[in-house]
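Worksheet for the structure shown next.
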Amino acid sequence: MKNFPKISKVESFIISIPRDTPYMGPLGPGESINSRGYLVRLGNKSIYPDTDQSVLIKITAEDGTVGWGETYGIVAPSAVTSIIDDVLGPVITGRDPRDAVVIQEDLYDLMRVRGFFGGYYVDSIAGVDIAVWDLFGKLVGQPVVKLLGGQRMTSIPAYVSGLPGSTLDARLELARDFKARGFNAFKYHSAVSFDGIVTEMRTLREGLGSEAQLMVDLHWKFTAQEAIQLVEQLLPYRPYFVEAPCQPEDIEGQAHVGNNIKVPLALGEEWRTVYEYRTRMERRSMSIIQPEMGHIGISQFMQICRMANAFHMKVIPHASIGIGIFQAASLHATAALPNCPMHEYQHSIFDRNLKYVKTTMRCEAGAFVFPEGVGLGIEPAESVWQFVKKKESV
Ligand code: MG
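Numbering follows our numbering, in which position 19 of the sequence shown is assigned residue number 19; successive positions increment by one, without gaps.
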């Protein structure tokens, strides 16, 4: 294997796909879209684009084989493409794609002394890492999951994430529609829970029956004591888990909630490295982790999730705004794990963007259908290139 193809070119692209209704549903009271196409959800004070925006990474090997990656480009995507184009791409040119984990570790090391061990820098590494794994799989003719230790699952149970609708009745109706199609696990977003968090869970429990699995994303809105009090009120409706009650900086608050409620606590969508997870794992802050592939990449994802298994924690991966490439990577990684009962299904993004990728990946009858083929089993379709957005200088 002396002449195994090396990485010869790394490119990045910003994709911005228009949508009729913003992510999480219609604008709430006092919410508006600004001149840059962003809106702030007043319920969780977070900024979102009014399009489906992400960053694609294309890595070409010496023999012309192409690997695809994707990462977060939700806001300021040019920050991500600048890091990839200026720093990461040139550093890994000439490297052997079979060294995927080593490459990820080397890229992480580059900026540690300058304090860049999170945020946009690690998002950029994540997208490159996913593309390197896809290229590795294609060059050796194997699905990525087979390179990650083996495949346990070919179908991955999915929970319906978000019930966008302008009224509670409309949201319950949407959940019932999914139930009729074979889904039985639902999570609603407290940032747009305009009728109240307890009222919404009661309505869903009464409307969906005793067997449904119900979850709520608390969107970092509460102090520890407020969260404990709120979860107590949800107990009669038997939540399967509650998510993200306290602000991410409040490590002690998270642990306090996790150790004082009678419902599994799920945390982690905003953390990017094993180091951020480790401090919470040691405190037993949560019993479910929610790693986001778009922030983490495959190499870190596997390390974090296998460590979670050693702490007897479950993995229910997060799903975010993208065209499906980091979602496919998340399914490959998840399929190799012993401790993953289900994966988030971001239906309002996932389904509409499937037409912009070539893949057998689907989500139907309550589960993700695994993407077939070598590498990640997914590539951008020709139709996605109409949505390329110009990079800006940063
Ligand atoms: Mg969340």
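Cβ atoms here follow ideal geometry from the backbone N, Cα and C, with glycine treated the same way.
Same chain only: Cβ atoms within 7 Å of R95, ignoring 5 sequence neighbours per side: Along the sequence shown, read from residue 1 onward, the residue named residue 95 stands at position 95. Taken in chain order, the residues that qualify are K6, I7, I103.
Roughly how many whole angstroms lie between the Cα atoms of E364 and E372? Against the sequence shown, residue 364 aligns to sequence position 364. Against the sequence shown, residue 372 aligns to sequence position 372. Rounded to whole angstroms, E364 to E372 spans 16 Å at the Cα level.
Here's a check: name, in chain order, each residue in its chain whose Cβ is nearer than 8 Å to the Cβ of A61, leaving out the five neighbours to either side. In the sequence shown, residue 61 corresponds to position 61, counting from 1. Cβ neighbours of A61 beyond the five flanking positions: P5, K6, I7, S8, G67, P97, L135, L139.
Does Y159 have its Cβ less than 8 Å from a Cβ in chain C? Here chain C cannot be found, since the structure has a single protein chain.
When you compare each of A381, G253, M215 to E344 by their alpha carbons, which one comes out closest? Position 344 of the sequence shown, counted from the first residue, corresponds to residue 344. The option with the nearest alpha carbon to E344 is M215.
Between the region 165-182 and the region 322-332, are three or more C-beta pairs nearer than 8 Å? The region 165-182 vs the region 322-332: no contact.
Leaving out five residues before and five after Q346 in sequence, what residues of the same chain have Cβ atoms less than 6 Å from its Cβ? Residue 346 sits at position 346 when you count from the first residue of the sequence shown. For Q346, where only same-chain residues beyond five positions count, the Cβ hits under 6 Å are S161, A319.
Using only the alpha-carbon positions, how far apart do R36 and V55 sit? Position 36 of the sequence shown, counted from the start, is the residue given in the question as residue 36. Position 55 of the sequence shown, counted from the start, is the residue given in the question as residue 55. Taking the straight line joining both Cα atoms gives about 17 Å.
Given F241, which residues of its chain have a CB within under 6 Å of its CB, disregarding the five upstream and five downstream residues? Here residue 241 refers to the residue found at position 241 of the sequence shown. Excluding positions up to five away in sequence, the list reads M215, P264, A266, I288.
If you follow the beta strand (DSSP E) that P380 is in, where does it begin and where does it stop? Residue numbering aside, residue 380 sits at position 380 when the sequence shown is read from its first letter. Its beta strand (DSSP E) spans residues 378-380.
Could you tell me whether the Cβ atoms of T360 and G375 are closer together than 8 Å? Residue mapping note: residue 360 aligns to position 360 of the sequence shown, counting from 1. Residue mapping note: residue 375 aligns to position 375 of the sequence shown, counting from 1. No, they are not a contact pair.
Indicate the three-state DSSP secondary structure (helix, strand or coil) for Q151 in the structure shown. Sequence index remark: in the sequence shown, residue 151 carries index 151 (1-based). DSSP places Q151 in coil when its eight states are reduced to three.
Can you tell me whether A158 sits near the ligand MG, meaning its C-beta is under 7 Å from at least one heavy atom of the ligand? Position 158 of the sequence shown, counted from the start, is the residue given in the question as residue 158. For the ligand MG, not one heavy atom lies less than 7 Å from the Cβ of A158.
Nearest CA to the CA of S190: which residue from K58, L39, D217? The residue you call residue 190 lines up with position 190 of the sequence shown. Cα-wise, what sits closest to S190 is D217.
Counting beta carbon pairs with one atom in the region 73-87 and one in the region 138-154, are three or more of them shorter than 8 Å? no
Report yes or no: do the region 295-313 and the region 118-130 share at least 3 C-beta pairs separated by less than 8 Å? yes
Alpha carbon of D109 to alpha carbon of D123, nearest angstrom: Taking the first residue of the sequence shown as 1, we reach residue 109 at position 109. Taking the first residue of the sequence shown as 1, we reach residue 123 at position 123. D109 and D123: Cα-Cα distance of roughly 14 Å.
Among residues of its own chain, excluding the 5 on either side of E226, which ones have a beta-carbon nearer than 7 Å to its beta-carbon? Residue 226 sits at position 226 when you count from the first residue of the sequence shown. For E226, where only same-chain residues beyond five positions count, there are no Cβ hits under 7 Å.
Quick one: what's got a C-beta closer than 6 Å to G149's C-beta in the same chain, skipping five residues either side? By one-based count along the sequence shown, residue 149 stands at place 149. Excluding positions up to five away in sequence, the list reads A336.
Less than 8 Å between the C-beta atoms of M302 and A333, yes or no? For this step, residue 302 is matched to residue 302 along the sequence shown. For this step, residue 333 is matched to residue 333 along the sequence shown. Taking a C-beta distance under 8 Å as the contact criterion, M302 and A333 qualify as a contact pair.
In DSSP terms, what R41 is bridged to: For the purposes of this step, residue 41 is taken as the residue at position 41 of the sequence shown. DSSP, once it has assigned bridges, lists S46 as partnering R41.
Mind checking whether V257 and M307 have CB atoms under 8 Å apart? Indexing the sequence shown from 1 puts residue 257 at position 257. Indexing the sequence shown from 1 puts residue 307 at position 307. No, Cβ-Cβ distance for V257 and M307 is not below 8 Å.
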